[in-house]
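Each residue of the sequence shown is one higher than the last, beginning at 248 in UniProt numbering.
A virtual CB, placed ideally from N, CA and C, is assigned to each residue, including glycine.
Written below as structure tokens is the structure these notes are about.
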Amino acid sequence: SAATLGGYSDFMSKEIAEQPEAIERLLKGRLGEHGIEMDELDMTDEDLARIDRIYIVACGTSYHVGLIAKTMIEHWAKVFVSVEYASEFNYSDVLVTDHTLCVIVTQSGETADTLSAARRLKGMGCKVFAITNVLGSSAARESDGTLYIQAGPEVAVASTKAYTAQMVAGALLALRLALACGQMTRAEVEKVFRELEKVPDAIREVFRRSWQDKQAVPLFRDAQSALYLGRGTSSTTAYEGALKMKEIAYVHAEAYPAGEMKHGPIALIQPGFPVLAVVPADHVHDKTVSNIMESKARGARIVAVATDGDEQVANLADHVLWVPQMDEYVVPIVAVVHLQMLARYVALAKGLDVDKPRNLAKSVTVE
Ligand code: G6P
């Protein structure tokens, strides 16, 4: 059925708002007696336990899902993962083993580069598993197994609900693998699953804090460029937040792993320059705080995404976009919502069409 605005002013705001329900749908019935229910994978525990390498191939926002999925799979299942841009992957050497799994992530299921990569890996004998939003899409038809994220039609060019739902799908895949590989017990998997179940309400809480994103708009509205920083999973949140800012608000936002900042981007900082730091409570928090201090010492204006109660960050930042306390592997699914809203508010403040940014297509069906 065709998507309608249903009272929202634009599809992006509607799709941002739909994220909690989409994630609830995706999680429903997934925790079974023996662990994660994922018949779509169509592989036995023995098959899964033999996987020694995973290629995740995707483009755009879906590529960022791949980066998060890599962290989850390597942390929980201890299987080596390589994440590749499909457009690069198709013209480079591919090192498959007899037990390499290919995972493609594609909202539309029609991105030409991603489909080519899947065909290439299939031709090399790999099993191909698709994470997609569109029933009957090319990705679904051509893969050995397909996990539908069931997020409903995504119309706005800039992906929002597909991003968060695809990350949840990646988490489910990681947990399914972790059990099959004997790296986690049913009880440990359940513990993480319960954390995932907290995501929808945490996102609803972030919605109630949208005024925090509105307050940060003046820092970006007239900016020529901005720097987004984060470490670990938060570097991916920085990449995705910067992508949103470029896509719809036309601000040149450059995302960098916070620790790499000293090797280049710090040269950009002068008084008034906007730095957005993603710094939730996690094992690398203090390291990122040092990078905030370095930025501030050079006159940067700081917007931070931080966890409730973080006084240290509150004292350093000009604006804080607060997120509830979450497991550090799950927090990216919540933290990014602030950055989706921030980019949208900046775009609206500039009078731009948030659903149809210039030069971009919803799905890129040419290589
Ligand atoms: C285009 C869209 C992006 C999307 C990317 C990959 O660039 O504008 O929002 O992330 O394609 O699309 P896919 O459908 O493969 O996830």
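Residue i vs residue j beta-carbon contact at 8 Å
i, j, result
"VAL581", "LEU568", "no"
"MET371", "ARG591", "no"
"LEU586", "GLU487", "yes"
"THR554", "LEU314", "no"
"VAL601", "PRO527", "no"
"VAL352", "VAL312", "yes"
"LEU394", "ALA418", "no"
"VAL536", "GLN559", "yes"
"ARG300", "THR344", "yes"
"VAL330", "LYS317", "yes"
"CYS349", "TYR310", "no"
"residue 618", "LEU589", "Outside the modelled stretch of the chain, which goes from 248 to 614, sits residue 618, for which no answer is possible."
"PRO319", "TYR503", "Looking at the sequence shown, residue 319 is not Pro but Met. Not in contact: MET319 and TYR503 (Cβ atoms no closer than 8 Å)."
"PRO267", "ILE450", "yes"
"GLY276", "GLU265", "no"
"ASP529", "GLY479", "yes"
"ALA505", "LEU523", "no"
Straight-line Cα distance separating residue j from residue i
i, j, result
"ARG423", "ASP360", "27 Å"
"LEU288", "SER481", "28 Å"
"ASP257", "LEU273", "24 Å"
"GLU389", "GLU335", "21 Å"
"SER248", "GLU401", "Confidence is the limiting factor: at SER248 the pLDDT is only 49, short of 50, which leaves the residue's position unreliable, though a coordinate-based value still follows. For SER248 and GLU401, the distance between alpha carbons rounds to 12 Å."
"HIS499", "LEU474", "9 Å"
"ALA427", "VAL436", "11 Å"
"ARG297", "THR411", "29 Å"
"GLU452", "ILE263", "13 Å"
"LEU515", "LEU466", "16 Å"
"LYS603", "VAL404", "6 Å"
"SER472", "LYS493", "9 Å"
"VAL611", "GLU357", "7 Å"
"CYS373", "THR347", "6 Å"
"VAL446", "TYR255", "23 Å"
"LEU278", "ARG441", "9 Å"
"GLU507", "ILE513", "9 Å"
"ALA386", "GLN413", "14 Å"
"LYS509", "GLU280", "49 Å"
Reference residue i; option with closest CA among the options
i, options, result
"ALA463", "ALA434, ASP292, GLN413, PRO521", "PRO521"
"residue 232", "LEU252, GLY307, ILE378, ASP391", "Residue 232 is absent from the model: the chain starts at 248 and stops at 614."
"SER457", "VAL584, ALA485, TRP323", "VAL584"
"ASP340", "LEU368, GLU268, ARG277, THR358", "LEU368"
"ASP294", "THR308, ALA250, SER385, GLY429", "GLY429"
"LEU607", "TYR497, VAL593, TYR576, ARG455", "TYR497"
"ARG548", "ASP557, ALA561, GLY556", "ALA561"
"LEU490", "GLY307, ILE270, GLU280", "GLY307"
According to DSSP, residues forming a beta bridge with residue i
i, result
"GLY253", "Paired residue(s): none; GLY253 is not in a bridge."
"ARG591", "According to DSSP, which records beta bridges pairwise, ARG591 is partnered with nothing at all."
"GLY279", "GLY282"
"SER329", "TYR302"
key: Completely contained alpha helix (DSSP H) runs for the segment 389–467, where each covers 4 or more residues   = 408–427, 433–444, 446–455
request  = Taking only runs that begin and end inside the segment 286–312, name each unbroken alpha helix (DSSP H) of 4 or more residues, in chain order.
outcome  = 292–297
query = Unbroken beta strand (DSSP E) runs of length 3 or more, entirely within the UniProt domain "SIS" (463–604): which are they?
reply = 472–477, 499–504, 521–526, 548–554, 566–570
query = What are the complete alpha helix (DSSP H) segments, minimum 4 residues, inside the segment 337–397?
reply = 359–370, 385–389
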